[in-house]
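J.: The structure follows.
There are 2 protein chains.
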Amino acid sequence: MQVSEAEWTDVEKKVARTAFDKAYEREIEALLKQVREQASTIVDLSNLWQLHDFLSAKRYGIEGKYDYQYAGLLFVFAGLVKEGWLHLNELEGLDKGKLSKVAALSRM
Amino acid sequence: MQVSEAEWTDVEKKVARTAFDKAYEREIEALLKQVREQASTIVDLSNLWQLHDFLSAKRYGIEGKYDYQYAGLLFVFAGLVKEGWLHLNELEGLDKGKLSKVAALSRM
């Protein structure tokens, strides 16, 4: 299921980069909002360490997930679609083979 | 400089416990306030990971510092006085030897 960089046209690369950045922006915005809200309700140390654990998990997850390498990009997109950070139609411009792979993977 | 539990009278133990808990309460309250304030100003991911790093350091520091064992308690009190979480006069009731050790250590 890996797709080497040579199999991406310039147009596809542009579509991919735009979609990737958009999903990233959405997820980060949502995360920042969630943390500001969660932090405003902190009343004790247990809440505080919950926030710390949450940030540790998110940091690990986000740094691992947003890896822009063509070989694994269809997997990344499928995950982002599954999680709701990206809509399939934002990948229009990729060839049908890639689109159907993302769609199939996102339903797994 | 270690002081075994046998060297603490019941009255001293009560004074020590009260002072220890008071300092803990003050430091935690200040920390919670600081985090709520810092979190409310978060605008990007860099701010967020700064908060995460800050919480990691604080968690490590607090869990290490508030260790209620008589053998090391004078060191703990000296640190708390130095950092401003405890006032020397809140240790009144300890014998003069212990008080002067805490005072001396807190100036180091």
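Going line by line, the protein sequences match chains U and W.
With the numbering used here applied, the first sequence covers 1 to 108.
With the numbering used here applied, the second sequence covers 1001 to 1108.
We treat Cβ as the ideally placed atom computed from N, Cα and C, and that holds for glycine.
Note that this is a predicted model, so its numbers are computed, not measured.
#1: Mind checking Glu92(U): buried by the 16 CB within 10 Å criterion, or exposed?
#2: Give me the residue from Val1076(W), Leu1086(W) and Leu1080(W) with the minimum Cα distance to Val1003(W).
#3: Please report whether the beta-carbon of Leu1048(W) lies at a distance below 8 Å from any beta-carbon of chain B.
#4: Using 10 angstroms around the beta-carbon of Val11(U), count the other beta-carbons present and answer buried if the total reaches 16, otherwise exposed.
#5: Name the chain U residues whose beta carbon is nearer than 8 Å to that of Arg1184(W)?
#6: Quick one: does Leu80(U) have its CB under 8 Å from some CB of chain W?
#7: For the alpha helix (DSSP H) containing Gln1050(W), name the first residue and the last one.
#8: Relative to the C-alpha of Ser1106(W), which residue among Leu1080(W), Ala1016(W) and Ile1042(W) is closest?
#9: Restricting to Cα atoms, I'd like to know which of Leu86(U), Ser100(U) and Glu37(U) is closest to Ala19(U).
#10: Can you pull out the residues from the region 58-77 of chain U whose beta carbon lies closer than 7 Å to at least one beta carbon of chain W?
#11: Let's test the definition: count the other Cβ atoms within 10 Å of the Cβ of Lys1058(W) and tell me whether it reaches 16, buried, or not, exposed.
T.: For this structure:
#1: exposed
#2: Val1076(W)
#3: No chain B is present in this structure, whose protein chains are U and W.
#4: exposed
#5: No answer is possible for residue 1184(W): it lies beyond the span of chain W, which begins at 1001 and ends at 1108.
#6: no
#7: Leu1045 to Lys1065
#8: Leu1080(W)
#9: Leu86(U)
#10: Arg59
#11: buried
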